[in-house]
Structures are given as structure tokens and as C-alpha cells.
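Q: Quick one: the structure is below, and I'll ask about it shortly.
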Amino acid sequence: MSALHARHAWDQRYRDPIAPHSLAVLYVQPDSEREQRYLLSAAWRLWLEGPEATDLPRLLFDLHHQLAPRAVLDGFDIRDELMTGRDKTMSAKAVYAGVAVSSLDTEKGTWVQARRAAASEGDIPGRVFVVLTDGTVVLCDRGASTELGMFKVRSTHDLDYAPGHSPYSWTAVTRAALSKDPDDPRDPLRWLAALSDTFEQADNRRVLSTRAAGGQPGRRRA
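So the sequence shown is residues 0 to 221, counted in numbering that gives the first Met the number 0.
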């Protein structure tokens, strides 16, 4: 997600430039080929560059407050209402599992600063914030080519698929360690967590409505 975001932003930096932040909603669905296993899929949203999509805390804050009333009242399908694309593998039985943000603003500098100094898309670092419905919070940092493909993962919960086995290295941290100040109103993770709660309520009601109409069974938490 982060690498593709950087590629699109770099390729379109002069023509229809896109915002330095993109959003993905994560879904799980039963694996049709393996019993009691689930597959992860995603739907995503890119914005064109503009004042409404440049400030990440404000973007997440506005989305949360815009959508929360509807999520509580009647729910909605996040993918249809907000996203602009989704994985072709996503099935009708997929249920909400979490939300992620890809940002080209990092501790190294802003997207504007990075693109001024970059010679190619490989020179653009990225950061990914993830909040899952089981309370897991993950922060990923993807380094530029000068950092030789560095990819740092920090998580509040276990990411191993079996004891001592993981597809990548990661570090266990507390939620507080992922922010300079978790009580800061401009902490992106604060508003990403609020937005995830809104999305979960919306999808819960969507699934319950579908179930009442004779469709798929109730949701399953990630």
C-alpha cells in the first residue's frame, strides 16, 4: 500500500497530484479453500491534493464526525460510500476488520519536502498507521532507497501467525510509545481509532440488516 501510494504520488506530482494520505479499510472473509481460515482484503480511497486532504489529523477528524451519526442510526456500506476501489477477491461475506492510513509525511519530513529532494519514487519514504477491531495498533515505517529498503514494524499486539514465526520482523510496544503524546488532539492514531469505531458500528448495522433480510450471518470480529 505504502509503496504503491508513493509511486502514484510521484508519477502524478505534476498532473492531477494526489494527496499525501490515503485510506484503506480492511475486511476478513472465510477462506473457501481452507476450513476455519480467513482471508484479508481491502478497499481504498485516494484524494486529489488539496487543503481538505493535506492535514492528516484534520482529515481523520472530519471523516469521523461526518460519518458517526449515520453509523449509529442506520449503518452503511463503507466501501460504497467512501472507497474508490477494492480488491477483486473481496466477497459478499467480507466483514470489517480495521482501517489503515498510508502517509507520505514521515519523521524524515513532509511529502512536499521529500518530492523536492527526490530523484525517483524510490526516494520517497512512507508511514502506515493501522487500527484493528481487536484493539491492535500498528505503526510501520518504510524507508527510502537511501535506507536500503528499511521496513520497521511496531505493534501493540502479537503479529506472529505461530509462536516465533512471522512473515516479517516486528517490535512489541505500548500504545503510548507509538505517539509523542497520545493525549495530543492532533495525534493521528487518536482519530484513526475513532474512525475505526465509526466504521465498525456502520458495518455491524449493515451486516445485521443483511442478516434480517435473509442474507449472510452476523459479523465476526478480527
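Where is the CB? At the ideal position from N, CA and C, for every residue including glycine.
Would you mind stating whether G97 and L25 have Cβ atoms separated by less than 9 Å?
A: Yes, these two residues count as a Cβ contact at 9 Å.
Q: Could you say which of R6, K179, T197 lies nearest to D106 if we only look at CA atoms?
A: First, the residue type needs correcting, since residue 106 is Glu and not Asp in the sequence shown. Out of R6, K179, T197, K179 has the C-alpha closest to the C-alpha of E106.
Q: Excluding the 5 residues preceding and the 5 following P216 in the sequence, name in chain order all residues of the same chain whose CB lies nearer than 7 Å to its CB.
A: Confidence is the limiting factor: at P216 the pLDDT is only 47, short of 50, which leaves the residue's position unreliable and the question unanswerable from this model.
Q: On the three-pair Cβ rule with 8 Å, is the stretch 110-129 touching the stretch 80-89?
A: The answer is no - the stretch 80-89 does not touch the stretch 110-129, with fewer than three Cβ pairs under 8 Å.
Q: Answer yes or no: do R114 and A201 have a C-beta to C-beta separation smaller than 9 Å?
A: It is not a contact, given that the beta carbons lie outside the stated cut-off.
Q: So, with DSSP's three-state summary, where would you put H164?
A: Reduced to three states, the DSSP call for H164 is strand.
Q: Alpha carbon to alpha carbon, how far is D182 from A176?
A: Looking at the two C-alpha atoms, the distance is approximately 12 Å.
Q: Determine the extent of the alpha helix (DSSP H) in which Q65 is found, giving its start and end residues.
A: Its alpha helix (DSSP H) spans residues 55-72.
Q: Under 9 Å between C-beta atoms, does M149 make it to chain C?
A: Annotation note: the requested chain C is absent from the structure, which comprises a single protein chain.
Q: May I have the straight-line CA-CA distance separating D73 from K92, to the nearest angstrom?
A: Using only the alpha carbons, I get a separation of about 19 Å.
Q: Taking just the CA atoms, how far does D196 sit from A118?
A: Rounded to whole angstroms, A118 to D196 spans 40 Å at the Cα level.
Q: Can you tell me the Cα-Cα spacing of R220 and Y37, whole angstroms?
A: Low confidence applies here, because R220 scores a pLDDT of 45, under 50, leaving its location unreliable and the question unanswered by this model.
Q: Look at L22 and W9 and say whether their C-beta atoms are less than 9 Å apart.
A: No, the pair does not count as a contact, with Cβ atoms beyond the cut-off.
Q: Over the uninterrupted beta strand (DSSP E) stretch that includes R44, give me the two end residues.
A: That run of the beta strand (DSSP E) goes 37-47.
Q: Using the Cα positions of E48 and R6, report the straight-line distance between them to the nearest angstrom.
A: For E48 and R6, the distance between alpha carbons rounds to 15 Å.
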